[in-house]
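Asker: Provided herewith is a single structure, encoded as structure tokens, for subsequent inquiry.
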Amino acid sequence: MTDKLLSDESCDSDAELLNNLPLNGTGDVRQKKNPHRRLSLNLAQNLRQHHQLLQQQQQLQNFQQTQSPIDPFFEPKQSFGDLHWGTIGMVKNHLGVYEPRRGALEQVLQKYPQLHDREYFRESFEDSEHLLILPDTGEKTRVIYTVYEYDPLLDSSNMTIDDWVLIAKNIKKEYHRFTGFVILHGTDTMAYTASALSFMLKILIPLFEARSDGKENLLNSLIIAGNYCIPEVTILFNNKLFRGNRTSKISASNLDAFDSPNMSPLVNIGIKIDVDWNNVYRPSTIAKVHVHSKLNRNVTLLRLFPSITVETIRVFLQEPIQGVVLQTYGAGNAPSNRKDILNEFREATKRGLIIVNITQCPNGKVDPSYETGNALIEAGVIPGADMTPEACLAKLSYILSKEEWSLEKKREMVRTNLRGEMTVIRGQNIEDVNLVQAIANTLKVSTSYEMDRLRSALYPAIVCAITARGDVDSLIQLKKNGIDLCACDYDMRTPLHIAVSHGHKNVVKYLLSEGVNVHAKDKNNKTPLHIAIKNQQYDIAKILVDAGALLDLPKVRIGDWLTNAAAKGHLDMLKAIKLSGSSLEERDTFGRQCLHAATESNQIEVVNYLINVVNVNRHKTDIYGRTAKEMAEFFGYHQIWNIFDRKDSEIDSI
């Protein structure tokens with residue numbers, strides 16, 4: 001993390017904290033490198049080590065059969081970060097006034113059984129520091145999280161653009177370590193922060209903002225972030241999850257302090273968690289996460305009121321201001337008889353100022369069909385649809401910071417829905433499709449509830465069947481009609497799983513361009529990248545990795561994959577694993593590396609690739625103390641031995 005995260009510790013020490021999390025559930029806190037064993041190791045030592053490895057493998061299998069699907073070979077990236085910035089960690093000082101205090105939050109969370117399962121922690125991670133584990137919530141995974149605190153802790157009223165940039169950069173820095181982030185934030189400026197981050201963070205896995213001073217809100221945000229792929233910046237408040245850039249604070253004291261006036265919640269939390277998947281905004285670019293850390297500060301908010309003076313207007317439009325959010329009456333109306341004001345707007349837009357018109361009303365949108373609204377358009381003011389003031393300010397700040405864009409490009413982007421911040425009219429719903437209606441008639445489906453259940457049963461099967469055929473055109477049509485391309489079949493496979501399994505590269509590209517979750521796991525915990533690697537589909541694996549896919553497996557399991565592929569001569573599988581960012585020197589359950597397995601199986605091409613292309617460490621030994629070269633000599637594999645010998649000669653000659 002950066003130097004302002006956590007306490008007074010440096011960036012390096014924070015990274016060490018993450019890297020030194022336990023490798024297994026037996027309390028081994030620090031990663032230990034495999035010692036360089038020599039041929040002098042006796043047989044008893046070898047057998048004992050071998051037996052320990054077999055026991056370790058059995059523990060892994062037992063754990064997976066009896067516990068929630070969390071690997072006992074715990075990797076930090078499988079938990080998620082809890083970036084603390086707000087009032088939840090405040091305690092009373094000697095004057096009886098609440099003030100931020102470092103370390104208070106983690107101590108409080110450990111006391112609540114709803115937020116930390118002490119028994120489960122003692123069984124699996126007792127010697128691990130800074131880890132908290134949610135109890136079993138009925139979801140398919142246990143959520144493991146850790147708390148990071150900013151220094152200094154801030155009241156949200158003191159937040160600035162610099163703080164937004166810091167949050168975004170820290171998330172980008174630690175993005176590969178966690179499956180999601182929960183930002184604890186005071187309510188006063190939370191809508192502003194959520195709107196800003198929605199534009200600064202592009203191509204997301206789930207990222208969540210949560211109200212900070214309630215156990216229930218924190219618990220709900222952790223559950224949703226750990227189990228539901230909603231790749232947006234959101235706000236969770238009072239059992240509702242809102243899109244962050246569609247929210248405004250409407251009360252200083254009520255439980256319903258936040259509202260999303262022009263968009264229904266993405267999630268309603270009751271006895272069950274109800275997700276409106278059709279409204280989830282997904283990235284439309286095949287790329288890894290990107291952070292835009294530069295924002296333009298020269299934006300302002302101007303609210304019209306009767307008899308406002310032209311001098312006031314002129315002050316708001318003068319340099320260095322480059323963008324203005326204009327809050328007008330009703331559906332975007334301004335006094336059309338005030339020629340002096342309209343002239344000021346016209347002159348300002350001519351010299352390059354961008355003015356966006358939004359309504360002062362919490363509900364509704366700007367409608368330029370009225371004469372008083374059309375007068376603003378003629379003056380060069382851009383209609384802002386139903387954007388909130390917070391979202392419009394953040395959007396202007398983001399767009400104006402794009403120095404590589406022309407003025408016309410910037411004006412066009414203001415009118416474009418970039419992060420779901422404005423309402424876009426969709427095409428007709430798929431419920432009008434004749435096939436679904438025919439099935440409904442046959443089954444005598446009459447109520448809307450029954451129709452919804454029929455859709456939820458049919459649509460995933462339809463999408464997956466079309467995907468298996470490789471029919472991109474039909475998928476495009478389904479998408480236009482509102483079908484969720486992330487819908488899972490009975491095995492929890494998404495269309496992306498199906499497309500990868502069938503090798504449909506064009507379908508994979510299309511699904512990723514529509515924001516399908518590249519990290520989704522089926523009922524066997526396999527991601528699309530797992531399938532691509534197992535099927536030796538290097539080209540598809542590259543597409544997935546370019547879209548941000550990670551091979552989130554324990555190192556020992558990656559080692560098993562490597563030695564199995566090397567022994568069978570599956571070179572493309574090895575290349576795909578390397579492409580995912582994994583080391584080809586990971587050891588398997590029996591302490592071997594893929595170079596040992598390839599040598600033992602006389603896989604000449606694989607050995608040549610590992611030695612001359614990847615340049616793995618050829619001096620590493622297996623659990624019996626043998627190097628790969630010694631194995632080649634023992635088995636009489638002269639071609640492989642020559643590869644090692646030539647490499648040794650090259651090194652000696654340098």
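Every letter in the sequence shown is one number past the one before it in the UniProt record's numbering, and letter 487, counting from 1, is 487.
Each residue gets a CB set at the ideal place from its N, CA and C atoms; glycine is no exception.
Return the chain-ordered list of same chain residues with a C-beta closer than 6 Å to the C-beta of T388, the five sequence neighbours on each side being excluded.
Answerer: The answer, listed in chain order, is S248.
Asker: Per DSSP, which residues does T621 bridge with? Please list them.
Answerer: Per DSSP, T627.
Asker: Indicate the three-state DSSP secondary structure (helix, strand or coil) for R351 in the structure shown.
Answerer: Of the three classes helix, strand and coil, the one that applies to R351 here is coil, per DSSP.
Asker: I'd like the span of the alpha helix (DSSP H) that includes V310, first residue to last.
Answerer: Taken as a continuous stretch (DSSP letters only), the alpha helix (DSSP H) holding V310 covers 310–317.
Asker: Between I269, V165, I354, which has its C-alpha nearest S406's C-alpha?
Answerer: With distances taken between Cα atoms, S406 lies closest to I354.
Asker: Could you tell me the alpha carbon to alpha carbon distance between E586 and A597, rounded to whole angstroms?
Answerer: Their Cα atoms are separated by approximately 12 Å.
Asker: Give the range of the beta strand (DSSP E) segment to which R243 is assigned.
Answerer: Start and end: 240–243.
Asker: List the whole-angstrom C-beta distance separating L301 from L222, where the pair is believed to meet the contact cut-off of C-beta under 8 Å.
Answerer: About 34 Å separates the two Cβ atoms, so there is no contact after all.
Asker: Please report the Cβ distance between L131 and T146, rounded to the nearest whole angstrom; I am assuming they are in contact, meaning their Cβ atoms lie under 8 Å.
Answerer: So it is a contact: roughly 6 Å between Cβ atoms.
Asker: Compute the distance between the beta-carbons of I640 and V607, then report whether it is under 8 Å.
Answerer: Taking 8 Å as the Cβ cut-off, I640 and V607 qualify as a contacting pair.
Asker: Out of G420, N279, S582, D259, point me to the one whose CA is closest to G482's CA.
Answerer: Minimum Cα distance to G482 is reached at N279.
Asker: Mind checking whether A632 and Q603 have CB atoms under 8 Å apart?
Answerer: Their beta carbons are not under 8 Å apart, which means A632 does not touch Q603 by this criterion.
Asker: Leaving out five residues before and five after V366 in sequence, what residues of the same chain have Cβ atoms less than 7 Å from its Cβ?
Answerer: These residues qualify, in order along the chain: A331, G332, N357, I358, T359, G373, P383, G384, A385.
Asker: Mind checking which residues open and close the beta strand (DSSP E) that includes D489?
Answerer: It is not in any beta strand (DSSP E) - D489 carries neither H nor E in the DSSP assignment.
Asker: Measure from the alpha carbon of V516 to the alpha carbon of each residue in L553, L475, H502, E412, then state which is nearest.
Answerer: Comparing Cα-Cα distances from V516 to each of L553, L475, H502, E412, the minimum goes to L475.
Asker: Please state whether DSSP places G380 in a helix, a strand or coil.
Answerer: The answer is coil: DSSP assigns G380 none of H, G, I, E or B.
Asker: Please name the residue, chosen from N524, T137, F125, that lies closest to N227 on a Cα-to-Cα basis.
Answerer: Of the candidates N524, T137, F125, the one whose C-alpha sits nearest the C-alpha of N227 is T137.
Asker: For V381, which option in K395, F345, P362 has the closest C-alpha, if you only look at C-alpha atoms?
Answerer: Residue F345 is the option with its Cα nearest to V381.
Asker: Mapping DSSP to helix, strand and coil, what is S336?
Answerer: Note: S336 maps to coil in three-state DSSP.
Asker: Pick helix, strand or coil for V280, following the three-state DSSP scheme.
Answerer: Correct three-state label for V280: coil.
Asker: Straight-line CA distance for T309 to K410?
Answerer: So the two alpha carbons sit approximately 29 Å from each other.
Asker: Since residue 677 sits in a beta bridge, which residues does DSSP pair it with?
Answerer: Residue 677 is absent from the structure shown; the chain starts at 1 and stops at 654.
Asker: For D652, name the three-state secondary structure that DSSP assigns.
Answerer: Of the three classes helix, strand and coil, the one that applies to D652 here is helix, per DSSP.
Asker: List the endpoints of the continuous alpha helix (DSSP H) containing E600.
Answerer: From DSSP, the alpha helix (DSSP H) with E600 extends over 594–600.
Asker: Select from L95, L236, N417 the residue whose C-alpha is nearest the C-alpha of I273.
Answerer: Per the Cα distances, L236.
Asker: Where E514 and N525 are concerned, what is the direct C-alpha to C-alpha distance, given to the nearest angstrom?
Answerer: Using only the alpha carbons, I get a separation of about 23 Å.
Asker: Alpha carbons only, please: which of V143, V616, R415, N217 is nearest the one belonging to D121?
Answerer: With the sequence shown as reference, residue 121 is identified as Phe, and Asp is not the correct amino acid for it. Of the listed residues, the one whose Cα sits closest to F121 is V143.
Asker: Judging by CA-CA distance, which residue of D259, Y329, I269 is the nearest neighbour of R303?
Answerer: Of the candidates D259, Y329, I269, the one whose C-alpha sits nearest the C-alpha of R303 is Y329.
Asker: If you follow the beta strand (DSSP E) that D484 is part of, which residue opens it and which one closes it?
Answerer: Premise fails: D484 is in no beta strand (DSSP E) and is neither H nor E.
Asker: Have a look at the DSSP bridge pairing and note the partners of K249.
Answerer: Answer is F258, bridged to K249.
Asker: Taking C-alpha atoms, which residue in L496, I577, Q537, K339 lies nearest to D522?
Answerer: It is L496.
Asker: With 16 other CB atoms within 10 Å as the buried threshold, where does S124 fall?
Answerer: Burial call: buried.
Asker: Using beta-carbon positions only, say whether G180 and A252 come within less than 8 Å of one another.
Answerer: Going by C-beta atoms, G180 is not nearer than 8 Å to A252.
Asker: Would L201 and V291 qualify as a contact pair, given that the criterion is a beta-carbon distance under 8 Å?
Answerer: Against a cut-off of 8 Å, the Cβ pair of V291 and L201 comes out as a contact.
Asker: How big is the Cα-Cα spacing for V299 and V463?
Answerer: Spanning the two alpha carbons is a distance of roughly 45 Å.
Asker: Looking only at DSSP bridge pairs, what is L326 linked to?
Answerer: L326 pairs with L302, N357.
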